[in-house]
Amino acid sequence: MLTPPAGLTEAALEEALRLQWGLPVASLGYRAVGFGSHHWEVADDGGNRWFVTVDQDADVGRLTASLSVAVDLHAIGRTFAVAPVPTRAGAPLFVLGDFAVTVYPFVDGQSFDWNAFRGPDHRQATLDMIIQLHTAPAIVHRHARVDDFAVPGRGEIEAALKAPGPDCGPYARLAAELLAGHREALAGLLARYDELVLDSHGEPVRAVLTHGEPHSGNTMLTPSGWRLIDWDTVLVSPPERDLWLIEPGDGSIFSAYAAATGVLPRPSTIMLYQLRWALTDIAVEVRRFRRPHTGTADDLEGWEILRSVVTRI
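The sequence shown maps to residues 1 to 313 in UniProt numbering.
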């Protein structure tokens, strides 16, 4: 996120880091990176660097389950997984009021933007990490939740299609008008998604452990190799959930995955996850603009995302 969250002071965050992780904070700087979570770079008084992530109003049970998988992966030697540092109580996160706080070792390396794979080698390296994840031993599945194919926040879209929300901020009316102008297309998209889910239930189960968001922005190239970050969306689900985000459009990643695993990706399941991604983006921003907002940089970014996704469908 581009701006720090309202309702969380740096003093409260510093205290949580000291009490829950034993980190004596020497410096704490907000990092305006990513979208969805808030981030800080921290240095302790011993000169060690840490990366702190804060999620507001998170589903703590789901987040704990996902991050626990990353911890287990790292413990069995899948060190490409950048796992959180456990609290003194052994948990992957700490709940501080409305916020879930997670601490990571600071990773030095090259980072990338969304949808900015630098070439075939980058895609292949990401696929190699995903194959290691998909073929991880059963013990790593112990905390993972199973994909129920629900669209997070779907009710927000359905409510907005029925009636405009209150005029609660600078983008409320714009968002309502945008949705009204694409009401039929959005309803059709929801119906098509439901059809794909029903079709998937008729196919043989091929569930694996998936990351959920292995796009280029969640990869890093470090001196010791490639890393995959942001493990907050882990689910047991069909492999297509990960693969569509790596595929360049020529089928090469799908073919490489089939050659390595014996599993051929299904086009209908690829479409299912592409649609769910778009619907989830819409739901997140519809929720934002049907509630009080002030026009922050994050609101502007959210409006651009909503407008881009809705007009593209």
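Note that CB positions come from ideal geometry on N, CA and C, so glycine has one too. It should be emphasised that the depicted structure is a prediction, and the values quoted were computed from it without experimental measurement.
| Closest by C-alpha distance to Met220, when choosing among Gln110, Arg31, His74, Glu10 | By one-based count along the sequence shown, residue 220 stands at place 220. With distances taken between Cα atoms, Met220 lies closest to Gln110.
| Looking at Pro92 and Val71, is the spacing between their C-beta atoms short of 9 Å? | By one-based count along the sequence shown, residue 71 stands at place 71. By one-based count along the sequence shown, residue 92 stands at place 92. Against a cut-off of 9 Å, the Cβ pair of Pro92 and Val71 comes out as a contact.
| Could you give the distance in angstroms between the alpha-carbon of Asp167 and the alpha-carbon of Gly249? | Numbered from 1 along the sequence shown, position 167 holds the residue referred to as residue 167. Numbered from 1 along the sequence shown, position 249 holds the residue referred to as residue 249. Going by the C-alpha atoms only, they are around 41 Å apart.
| Roughly how many angstroms separate the alpha carbons of Leu209 and Pro84, rounded to a whole number? | Your numbering for residue 209 matches position 209 in the sequence shown. Your numbering for residue 84 matches position 84 in the sequence shown. Whole-angstrom Cα-Cα distance: 18 Å.
| field | 6 Å CB neighbourhood of Ser37 in its chain, flanking five on each side removed | value | Position 37 of the sequence shown, counted from the first residue, corresponds to residue 37. Once the five neighbours on either side are set aside, the close Cβ partners of Ser37 are Thr53, Asp55.
| field | Unbroken beta strand (DSSP E) run spanning Tyr104, endpoints | value | As a working note, residue 104 is residue 104 in the sequence shown. Start and end: 99-105.
| query | How would you label Asn218, buried or exposed, when you count the other beta carbons within 10 angstroms and need 16 or more for buried? | reply | Taking the first residue of the sequence shown as position 1, residue 218 is located at position 218. That one is buried.
| field | Which listed residue (Arg31, Thr126, Asp298) has its alpha carbon closest to that of Tyr171 | value | What you label residue 171 is simply residue 171 of the sequence shown in a count that begins at 1. Here the closest residue by C-alpha is Asp298.
| request: In the DSSP assignment, find the beta strand (DSSP E) that holds Arg291 and state where it starts and stops. | output: On the sequence shown, position 291 is the one that residue 291 refers to. From DSSP, Arg291 is part of no beta strand (DSSP E); its letter is neither H nor E.
| Would you call the segment 262-272 and the segment 118-129 touching, i.e. three or more CB-CB distances under 8 Å? | no
| task | Over the uninterrupted alpha helix (DSSP H) stretch that includes Asp55, give me the two end residues. | result | Reading the sequence shown from its first residue, position 55 is the one you call residue 55. Note, Asp55: premise wrong, no alpha helix (DSSP H); beta strand (DSSP E) at 49-56.
| query | Can the beta-carbon of Ala43 be found less than 9 Å from the beta-carbon of Val25? | reply | One-based indexing of the sequence shown puts residue 43 at position 43. One-based indexing of the sequence shown puts residue 25 at position 25. Taking 9 Å as the Cβ cut-off, Ala43 and Val25 qualify as a contacting pair.
| task | Report the option in Ile305, Ala260, Thr296 whose CA atom is closest to the CA atom of Thr280. | result | Counting from 1 along the sequence shown, the entry for residue 280 is found at position 280. Answer by Cα proximity: Ile305.
| request: Note the first and the last residue of the continuous alpha helix (DSSP H) segment covering Asp44. | output: In the sequence shown, the residue the question calls residue 44 occupies position 44. Here Asp44 belongs to no alpha helix (DSSP H); instead the beta strand (DSSP E) covers 38-44.
| query | Assuming Met129 and Phe94 make a contact with CB atoms under 8 Å, what is their CB distance in whole Å? | reply | For the purposes of this step, residue 129 is taken as residue 129 along the sequence shown, with counting starting at 1. For the purposes of this step, residue 94 is taken as residue 94 along the sequence shown, with counting starting at 1. In fact, because the Cβ distance is near 28 Å, the residues do not count as touching under 8 Å.
| message | Is the beta carbon of Ala12 closer than 9 Å to that of Gly97? | response | Indexing the sequence shown from 1 puts residue 97 at position 97. Indexing the sequence shown from 1 puts residue 12 at position 12. Contact: yes.
| query | Could you give the distance in angstroms between the alpha-carbon of Asp148 and the alpha-carbon of Gln132? | reply | Working through the sequence shown from its first residue, we reach residue 148 at position 148. Working through the sequence shown from its first residue, we reach residue 132 at position 132. Straight-line Cα distance between these residues: approximately 23 Å.
| said: Just list the residues that DSSP pairs Tyr30 with in beta bridges. | reply: Sequence index remark: in the sequence shown, residue 30 carries index 30 (1-based). Paired residues: Trp40.
| said: Between the segment 136-146 and the segment 274-289, can you find at least three pairs of beta-carbon atoms closer than 8 Å? | reply: no
| message | Using the Cβ count rule (16 or more neighbours within 10 Å means buried), how would you classify Trp50? | response | Taking the sequence shown and counting its residues from 1, one reaches residue 50 at position 50. Its Cβ being crowded by 16 or more others within 10 Å, Trp50 is buried.
| Would a check of beta-carbon distances place Pro214 closer than 9 Å to chain D? | Annotation note: the requested chain D is absent from the structure, which comprises a single protein chain.
| request: Thinking Ile157 and Ala283 are a contact (beta carbons under 8 Å), I'd like their distance in whole angstroms, please. | output: For the purposes of this step, residue 157 is taken as residue 157 along the sequence shown, with counting starting at 1. For the purposes of this step, residue 283 is taken as residue 283 along the sequence shown, with counting starting at 1. Sure, about 5 Å apart at Cβ, within 8 Å.
| message | Only counting the same chain, and skipping five residues up and downstream in sequence, which positions put a Cβ closer than 6 Å to that of Arg192? | response | Position 192 of the sequence shown, counted from the first residue, corresponds to residue 192. Closer than 6 Å at the Cβ level, and outside the excluded window around Arg192, lies no residue.
| task | Verify whether the separation of the beta carbon atoms of Val60 and Ala100 is less than 9 Å. | result | Locating residue 60 in the sequence shown gives position 60, counting from the first residue. Locating residue 100 in the sequence shown gives position 100, counting from the first residue. Yes, these two residues count as a Cβ contact at 9 Å.
| said: Whole angstroms are fine: how far does the CA of Ala185 sit from the CA of Ala176? | reply: The residue labelled residue 176 in the question sits at position 176 within the sequence shown. The residue labelled residue 185 in the question sits at position 185 within the sequence shown. Using only the alpha carbons, I get a separation of about 15 Å.
| Considering only C-alpha positions, which residue in the set Glu240, Phe112, Leu23 is nearest to Asp205? | Locating residue 205 in the sequence shown gives position 205, where the first residue counts as 1. A small fix is needed here, since residue 205 is Val in this sequence, not Asp. The shortest C-alpha separation from Val205 is found at Glu240.
| said: Going by the DSSP bridge assignment, what does Arg227 pair with across the sheet? | reply: Mapped onto the sequence shown, residue 227 falls at position 227. Bridge partners of Arg227: Met220.
| task | Within the same chain, show all residues whose beta-carbon is closer than 7 Å to that of Asn115, passing over the 5 residues directly before and after it, in chain order. | result | Indexing the sequence shown from 1 puts residue 115 at position 115. Excluding sequence neighbours, Asn115 sits near His215, Ser216.
| field | Residue span of the beta strand (DSSP E) that contains Leu96, given as start and end | value | The residue given as residue 96 occupies position 96 in the sequence shown. That run of the beta strand (DSSP E) goes 94-96.
| request: Evaluate Ser66 with the Cβ neighbour count: other Cβ atoms within 10 Å of its Cβ, from every protein chain shown; 16 or more gives buried, anything less gives exposed. | output: Along the sequence shown, one-based indexing puts residue 66 at 66. Result: buried.
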